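Count along the sequence shown from 1, add 1, and you get the number used in this note's numbering. Ideal placement from N, C-alpha and C gives every residue a C-beta, glycine not left out. Remember, it's a predicted structure, so these values are computed and weren't measured experimentally.
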Amino acid sequence: MSTETKVTVRSQEQVKEKFGVRALVNIGMLAAIAIILMLFEIPLPFAPSFYEIDFSEVPVMVGCFAMGPFAGALIEFVKILLNFVFTGTDTAGVGELANFIIGCSLCVPAGLIYRRKRTRTTALIGMAVGTVAMTVIGCVVNAYVLLPTFAAAFGMPVSGLIEMGTAVNPNITSLSTFVIFAVAPFNLLKGALVSVIVFLIYKKISPIFRMRVS
Numbered sequence: 002m003s004t005e006t007k008v009t010v011r012s013q014e015q016v017k018e019k020f021g022v023r024a025l026v027n028i029g030m031l032a033a034i035a036i037i038l039m040l041f042e043i044p045l046p047f048a049p050s051f052y053e054i055d056f057s058e059v060p061v062m063v064g065c066f067a068m069g070p071f072a073g074a075l076i077e078f079v080k081i082l083l084n085f086v087f088t089g090t091d092t093a094g095v096g097e098l099a100n101f102i103i104g105c106s107l108c109v110p111a112g113l114i115y116r117r118k119r120t121r122t123t124a125l126i127g128m129a130v131g132t133v134a135m136t137v138i139g140c141v142v143n144a145y146v147l148l149p150t151f152a153a154a155f156g157m158p159v160s161g162l163i164e165m166g167t168a169v170n171p172n173i174t175s176l177s178t179f180v181i182f183a184v185a186p187f188n189l190l191k192g193a194l195v196s197v198i199v200f201l202i203y204k205k206i207s208p209i210f211r212m213r214v215s
């Protein structure tokens with residue numbers, strides 16, 4: 002191998018190393034921001050008190066757009082893991098896994114679509130698809146995983162959670178109506194708000210996450 006070839010290979014390895022370190026730093030930073038945003042929860046008038054909106058998916062979606070959907074999924078995983086470490090869990094990790102799946106269902110499809118063509122139009126399409134995906138998956142996961150898990154953690158039957166929903170919205174009388182009138186609007190609203198925020202800020206902050214090597 003010639004000296005010139007060795008220098009080229011070494012240079013490529015250095016570039017890859019810098020890209021890897023920069024990506025890890027960005028993932029850690031965005032996950033830390035997501036953890037902070039999780040602290041600020043907004044109650045909703047149409048859902049029981051244990052459904053509160055936070056904007057921790059904003060940095061996750063920013064990561065999906067800037068570094069790809071796999072990086073976004075890593076940010077979501079680190080966010081959930083750090084929250085588990087700092088606050089603990091009453092659901093033996095089931096709730097955390099469910100929240101990871103729901104969070105990724107919003108951001109990963111958006112990142113996949115945006116990666117094909119980086120325009121405002123594809124960003125909007127991606128976020129719309131992600132919002133619909135999160136709503137559908139969120140309804141299924143809540144009905145069959147989260148609500149039964151929370152009921153067990155609180156030491157009550159699922160009907161007890163449904164009664165809490167009825168107290169807020171008299172149209173909630175069963176598990177299916179709970180999903181229709183509380184879970185679905187919650188996920189639609191959260192997806193829409195996260196999408197609007199990312200749409201407004203992404204182009205302004207995206208240069209921070211461009212992994213350029215000087």
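{"query": "Excluding sequence positions up to five away, which residues of its chain have a Cβ less than 7 angstroms from the Cβ of residue 28?", "result": "64, 72, 75, 76, 79"}
{"query": "Mind reading off the beta-carbon distance from residue 195 to residue 47? Whole number of angstroms is fine, and I expect it under 8 angstroms.", "result": "Wrong, their Cβ atoms sit about 18 angstroms apart, outside the cutoff."}
{"query": "Let me know if residue 1 comes out buried or exposed under the rule of 16 or more other beta-carbons within 10 Å of its beta-carbon.", "result": "This structure does not reach residue 1, given that the chain is present from 2 up to 215, and the question cannot be answered."}
{"query": "Can you name the start and end residues of the alpha helix (DSSP H) that residue 58 belongs to?", "result": "58-68"}
{"query": "Using DSSP with H/G/I as helix, E/B as strand and the rest coil, what is residue 53?", "result": "strand"}
{"query": "Compare the C-alpha of residue 103 against each of 137, 112, 50 and name the closest.", "result": "137"}
{"query": "Are residue 95 and residue 146 closer than 8 angstroms when you measure CB to CB?", "result": "yes"}
{"query": "Whose C-beta lies closer than 7 angstroms to the C-beta of residue 213 among residues of the same chain, with five residues either side of it excluded?", "result": "Note that residue 213 has pLDDT 38, beneath the 50 cutoff, so the model's placement of it is unreliable and the number below is only indicative. If we look at residue 213 and ignore the five residues flanking it on each side, it has no Cβ neighbours."}
{"query": "Indicate the three-state DSSP secondary structure (helix, strand or coil) for residue 43 in the structure shown.", "result": "strand"}
{"query": "First and last residue of the alpha helix (DSSP H) that includes residue 186?", "result": "185-206"}
{"query": "Among the candidates 69, 40, 49, whose CA atom is the shortest distance from the CA of residue 207?", "result": "69"}
{"query": "My assumption, with CB atoms under 8 angstroms, is that residue 200 sits in contact with residue 125. Please give the rounded CB distance.", "result": "7 angstroms"}
{"query": "What residue from 33, 129, 161 has the CA that sits closest to residue 113's CA?", "result": "129"}
{"query": "What does the alpha-carbon distance come out to for the pair residue 203 and residue 158?", "result": "43 angstroms"}
{"query": "Excluding sequence positions up to five away, which residues of its chain have a Cβ less than 7 angstroms from the Cβ of residue 11?", "result": "Because the pLDDT of residue 11 is 49, which lies under 50, any placement of that residue in the model is unreliable, and the number read from its coordinates should be weighed accordingly. Excluding residues within five positions, none has a Cβ falling inside 7 angstroms."}
{"query": "Using a 10 Å radius around the Cβ and a threshold of 16 neighbouring Cβ atoms, would you call residue 191 buried or exposed?", "result": "buried"}
{"query": "Provide the residue span of the alpha helix (DSSP H) that contains residue 145, from first to last.", "result": "Premise fails: residue 145 is in no alpha helix (DSSP H) and is neither H nor E."}
{"query": "Of the residues 34, 30, 66, which one's Cα is nearest the Cα of residue 121?", "result": "66"}
{"query": "Below 8 angstroms CB to CB, which residues in the same chain sit around residue 156 once its five sequence neighbours on both sides are set aside?", "result": "none"}
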